[in-house]
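Visitor: Residue numbers (our numbering): 1347 to 2143.
Here a beta-carbon is modelled for each residue, glycine too, at the ideal position from N, C-alpha and C.
Since we're looking at a predicted model, the values are computed, not measured.
I am attaching a structure below and will ask some questions about it afterwards.
Quick look at the structure:
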């Protein structure tokens, strides 16, 4: 079968989720992956759920999902003969993916350091995944998923009156794996040009920060206006209970709010959107009056009514109900795999490529079932080394950007950062809706140029305005698309189709174009025209149902679905570019955001299909050890603490100076601590509540106990680790001045020396430049401006 990454050879020395998910995405795109496990196997083989309730390394659904289609071997790398075999594999590989702890001596001992790898295979790309990256003061700090989420701003107040809570279902680890795959395919474009190994240093910490909706920029902007920086405002209505389950109703604009008020019969609240969002008495009053309406309708009818009014609404799915979702069902997204004695359902691929489709999954390797043999001759050439400028791996790539809001624009921002010429299209009649985000900050007639969220998502681009409702606007758009290598859009399907800018129309004028379409729900299916935003994606894909407390409602993650979708879209695009450079063939890439969401929240579906059970939400707890989020002596400041084993417990007892607890039978073993978790929480709370957050963290980290202060938006610029790794880049905007923008969560060496190239453009800033290059005269451009086909100021601003 024709596959975009056919011929790419990958050695994986990674366990758990992040590294294997990185290589899973590459397998989906055609790479040949050889997974090297320790003799005991990847620990994920013992991570259920299991049909029998007992661990079985041959029957781990989550391991099977992440490692399907790979080759495998279990080896003790301390044995010189085994190490030699692995080095032979690396010598014939294009890519190495490993997640050894940063800086461990074993990297040199195993011949995995830069110099050794350069001697073995100077064309290799080495992807190194670690908690904080390979350098910086936090490099060796112990972490768990909870403490890493806390340190990176992912533990948030999601339910009024309760502690901040983590994201569920190990979703952050998939996020890291996605960025690792993105970094790998970017580095492969210049592999071999420098005659040394290209290293991709992936930071899990920065990966999570990179999916946040730029809270550091919003906090800086609010501070400059003398406003509070850590508002408790939340998207409304959020997740509410209907007659037969949970539904998400999401007001992203003022019009949405007015429509919701009309729908529930409370028009008197139409002018109170901000007050309700901020959580005052108006919020309680509104929900008290609205709940009888929700109680009178089931979820399906309420979704249909809301969507008919163009209100973004979606059911909140869990591992059981997601299988009944008509959009997933009609699109055949979930796949049943296994053998006669053991079958389960799992998500399908996160992207669909028209000419190089992802084939059905095959079994993951059984532990020890294969040996490290040579790969033999390549069936197709290795798809590497297509660019020559390591600093700008996308130089020469022309991108026509029809995206709006965040997901598609995030993808094109990345391409532009590393050399692509990205032309973004808006109009003075209907600009990118992301310009309206942060609408509380509308000061001045040029308020639409000042939004921090729009600016951060649209760095590295040129901006033109075209009224696509006019014939001449559409004709100019088609002329630009005819010259593009890549076209990107993420509207609901009907939008570009009504303008004649869909894939079937474009290939008539540009046969080898690659088009990336990123609709919320997909190009086909009963929900294709539904309004879909990040919150909807989190709700229907299962991301929200696993987040929150067991006795509370499902909770939104509040935003990361957009950049997660953008990363997956870019991964598929980079593979398609490799295919086109080898064959000359373009294609359509469909990235249904709701399918990406399900792909990174796979565990609940797999668990239900194996056991017939839906596990309750865990809050901040872990199934194998005790942990939690605890108050400190500073109001609204929290710390996350994990006690993984008896060594951590001894460290905590020492930090608390409570030696008598060492002999307390309630806490003597991990199982005892889990059985007495409430008592454990009370003991920890009694101690943390007397100290400042940094004092708690210092006392525990000194003893190698995982702990982190929950990161608030107003402190995100003050993290020494980010400063040491150059995560932020200073840019000067022509209207709003100096800003520090977050970069990308990996360092490629040799590779790009900066995260971004240019600040975001103003509306229509490049009209003259772009249209002049199309051959239009100054008089013709002036006439277009007079006809309002183009312009540099928002109409009726």
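Have a look at residue 1523 and residue 1405 and give me their C-alpha separation to the nearest angstrom.
Guide: Their Cα atoms are separated by approximately 23 Å.
Visitor: Excluding the 5 residues preceding and the 5 following residue 1857 in the sequence, name in chain order all residues of the same chain whose CB lies nearer than 8 Å to its CB.
Guide: 1932, listed in sequence order.
Visitor: Write down every uninterrupted run of the alpha helix (DSSP H) in the stretch 1600-1688 whose length is 4 residues or greater and which is fully enclosed by it, in chain order.
Guide: List check, alpha helix (DSSP H) in window: 1600-1609, 1619-1623, 1627-1641, 1645-1654 and 1672-1677.
Visitor: Considering only the beta carbon of each residue, do residue 1558 and residue 1479 sit closer than 8 Å?
Guide: No; because the gap between Cβ atoms is not below 8 Å, this pair is not in contact.
Visitor: Between residue 1893 and residue 1514, is the Cβ-Cβ spacing less than 8 Å?
Guide: Taking 8 Å as the Cβ cut-off, residue 1893 and residue 1514 qualify as a contacting pair.
Visitor: Within its chain, find whatever has a CB closer than 6 Å to the CB of residue 1990; leave out the 5 residues flanking it on each side and keep chain order.
Guide: Cβ neighbours of residue 1990 beyond the five flanking positions: 1971.
Visitor: Should residue 2091 and residue 1549 be called a contact, given that it needs their Cβ atoms to be closer than 8 Å?
Guide: Taking 8 Å as the Cβ cut-off, residue 2091 and residue 1549 qualify as a contacting pair.
Visitor: With a CB to CB cut of under 8 Å and the five nearest residues on each side skipped, what residues in its chain are close to residue 2036?
Guide: Answer for residue 2036: 1979, listed in chain order.
Visitor: Report the residue ranges of all alpha helix (DSSP H) runs contained in full by the stretch 1806-1891; include only those spanning at least 4 residues, in chain order.
Guide: DSSP runs (the alpha helix (DSSP H)) wholly in the stretch 1806-1891: 1817-1828, 1839-1844, 1849-1852 and 1880-1886.
Visitor: Could you give the residue range of the beta strand (DSSP E) that holds residue 1999?
Guide: Not the beta strand (DSSP E): residue 1999 falls in the alpha helix (DSSP H), residues 1992-2002.
Visitor: Where do the ends of the beta strand (DSSP E) carrying residue 1984 lie?
Guide: Element bounds for residue 1984: 1984-1989.
Visitor: Around the C-beta of residue 1547, are 16 or more other C-beta atoms found within 10 angstroms, so that it is buried, or is it exposed?
Guide: Per the 10 Å Cβ criterion, buried.
Visitor: Closer than 7 Å: is that where the CB of residue 1528 sits relative to any heavy atom of the ligand FAD?
Guide: By its list of ligands, the structure shown contains no ligand whatsoever, and the ligand FAD lies outside what it can speak to.
Visitor: How long is the line joining the alpha carbons of residue 1838 and residue 1364, rounded to whole angstroms?
Guide: So the two alpha carbons sit approximately 31 Å from each other.
Visitor: For residue 2120, does the count of other Cβ atoms within 10 angstroms reach 16, so buried, or fall short, so exposed?
Guide: It counts as exposed.
Visitor: Can you give the Cα-Cα distance for residue 2082 and residue 1554, rounded to whole angstroms?
Guide: One C-alpha to the other measures close to 27 Å.
Visitor: Taking Cβ positions, are residue 1441 and residue 1521 nearer each other than 8 Å?
Guide: Not closer than 8 Å, so no.
Visitor: Using the Cα positions of residue 1744 and residue 1420, report the straight-line distance between them to the nearest angstrom.
Guide: Residue 1744 and residue 1420: Cα-Cα distance of roughly 45 Å.
Visitor: Rank 1988, 2008 and 1637 by C-alpha distance to the C-alpha of residue 1996 and give the top, closest one.
Guide: Of the candidates 1988, 2008 and 1637, the one whose C-alpha sits nearest the C-alpha of residue 1996 is 2008.
Visitor: Determine, using beta-carbon pairs with one atom in the stretch 1557-1573 and one in the stretch 1486-1496, whether at least three such pairs fall under 8 Å.
Guide: Cβ pair count under 8 Å is below three, so no.
Visitor: What is the DSSP secondary structure of residue 1941, counted as helix, strand or coil?
Guide: Helix at residue 1941.
Visitor: Hey, how far is the Cα of residue 1392 from the Cα of residue 1688?
Guide: The straight-line gap from Cα to Cα measures roughly 16 Å.
Visitor: Do you know offhand how far residue 1631's Cα is from residue 1618's?
Guide: Straight-line Cα distance between these residues: approximately 11 Å.
Visitor: May I ask you to list the residues that DSSP assigns as paired with residue 1977?
Guide: BP columns for residue 1977 point to 1984.
Visitor: What separation, rounded to the nearest whole angstrom, lies between the Cα atoms of residue 2101 and residue 1453?
Guide: Approximately 28 Å, taken between the alpha carbons.
Visitor: Check for me: the alpha helix (DSSP H) holding residue 2078 runs from which residue to which?
Guide: Not the alpha helix (DSSP H): residue 2078 falls in the beta strand (DSSP E), residues 2074-2079.
Visitor: Look at the Cβ atom of residue 1951, then the Cβ atom of residue 1693, and state whether they are nearer than 8 Å.
Guide: Yes, the Cβ-Cβ distance between residue 1951 and residue 1693 is below 8 Å.
Visitor: With DSSP run on the structure shown, which of helix, strand or coil describes residue 1972?
Guide: It is a strand residue.
Visitor: Can you tell me whether residue 1715 is buried or exposed, with buried defined as 16 or more other CB within 10 angstroms of its CB?
Guide: Exposed: under 16 other Cβ atoms inside 10 Å.
Visitor: Taking the alpha-carbon positions, what's the residue 1943 to residue 1587 distance?
Guide: Distance between the alpha carbons of residue 1943 and residue 1587: 22 Å.
Visitor: Please go through the same chain and pick out, in chain order, the residues whose beta-carbon is closer than 8 Å to the beta-carbon of residue 1371, but skip the five residues on each side of it.
Guide: These residues qualify, in order along the chain: 1523, 1524, 1527, 1696, 1914 and 1917.
Visitor: Alpha carbon to alpha carbon, how far is residue 2030 from residue 1976?
Guide: Taking the straight line from one Cα to the other gives about 7 Å.
Visitor: List the residues that DSSP assigns as beta-bridge partners of residue 1492.
Guide: Note: residue 1492 sits in no beta bridge, so no partner.
Visitor: Assuming residue 1746 is part of the beta strand (DSSP E), what are its boundary residues?
Guide: Note, residue 1746: beta strand (DSSP E), 1744-1747.
Visitor: I need the boundaries of the beta strand (DSSP E) containing residue 2005, first residue and last residue.
Guide: Run containing residue 2005: none; DSSP gives neither H nor E here.
Visitor: Mapping DSSP to helix, strand and coil, what is residue 1701?
Guide: Residue state, collapsed to three classes: coil.
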